[in-house]
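> Sharing a structure here in structure tokens format.
In the working numbering, the protein residues as written are 7 to 171.
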């Protein structure tokens, strides 16, 4: 069937760059303008707006100002490789969003995930945007991980199957 690629948009020199699916982080949006502070691995949804200027503006999944569909997962971007990313309304030092592919996922405290289990994002509460185990979901774990200690900074990797347009 050949090698599938998607436009990545990571290179300021070359513009949109085709990236092979095997690279994992395919199907990316760069940058997205998160309207609230976010943490790497959280789920996001696009701003509920018909204004073209809001096309890449996002909120945490479940926010009342966002669309109800999952948009993707927050990935690393900006000037420093840190877990926490401040809110941003401009196009510089924003987050990257992975809407399809192999993504880091921030587990809710207490979650124990086995490879192959489904994950779903939490829509409300203190762990909004984090992921938990579910019977089915938009992500499938690639690794085993025990987050029973409740660390906020622990990431696992999952194949992301978004439910947004």
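Note that beta-carbon positions come from the ideal geometry of N, C-alpha and C, so glycine has one too.
Count Cβ pairs between the region 127–146 and the region 97–108 that sit closer than 8 angstroms; are there 3 or more?
No: the two stretches stay apart, fewer than three of their Cβ pairs being nearer than 8 angstroms.
> Taking three-plus beta-carbon pairs below 8 angstroms as touching, is the region 114–123 in contact with the region 47–57?
These segments do not touch.
> Would you kindly check if the distance between the Cβ of residue 47 and the Cβ of residue 110 is under 8 angstroms?
Yes.
> With burial defined as no fewer than 16 other Cβ atoms inside 10 Å of the residue's Cβ, what is the status of residue 132: buried or exposed?
Exposed is the call here.
> Counting along the chain, where does the beta strand (DSSP E) carrying residue 146 start and finish?
Segment 145–147, the beta strand (DSSP E) holding residue 146.
> Using a Cβ-Cβ cut-off of 8 angstroms (strictly less than) and excluding sequence neighbours within five positions of residue 148, which residues of its own chain qualify?
Result list for residue 148: 108, 121, 162, 163, 164 and 165, in chain order.
> Which residue's Cα is closest to the Cα of residue 152: 142, 143, 138 and 145?
Of the candidates 142, 143, 138 and 145, the one whose C-alpha sits nearest the C-alpha of residue 152 is 138.
> Would you report the Cα separation of residue 66 and residue 35, rounded to the nearest angstrom?
Those two C-alpha atoms are separated by around 15 angstroms.
> Contact check, residue 62 vs residue 38 under 8 angstroms by CB: the rounded distance?
Indeed, because the Cβ distance is near 5 angstroms, the residues count as touching under 8 angstroms.
> Return the bridge partner residues of residue 138 from the DSSP annotation.
Residue 138 is bridged to 126.
> So, under 8 angstroms CB-CB, residue 59 and residue 93 are touching, yes? Tell me the CB distance rounded to an integer number of Å.
Their Cβ separation, rounded to whole angstroms, is 16 angstroms, which puts residue 59 and residue 93 out of contact at 8 angstroms.
> What did DSSP end up calling residue 70 once you bin it into helix, strand or coil?
Residue 70: coil per DSSP, three-state reduction.
> Going by DSSP in three states, residue 58 sits in which element: helix, strand or coil?
In this structure, residue 58 counts as helix in the three-state DSSP scheme.
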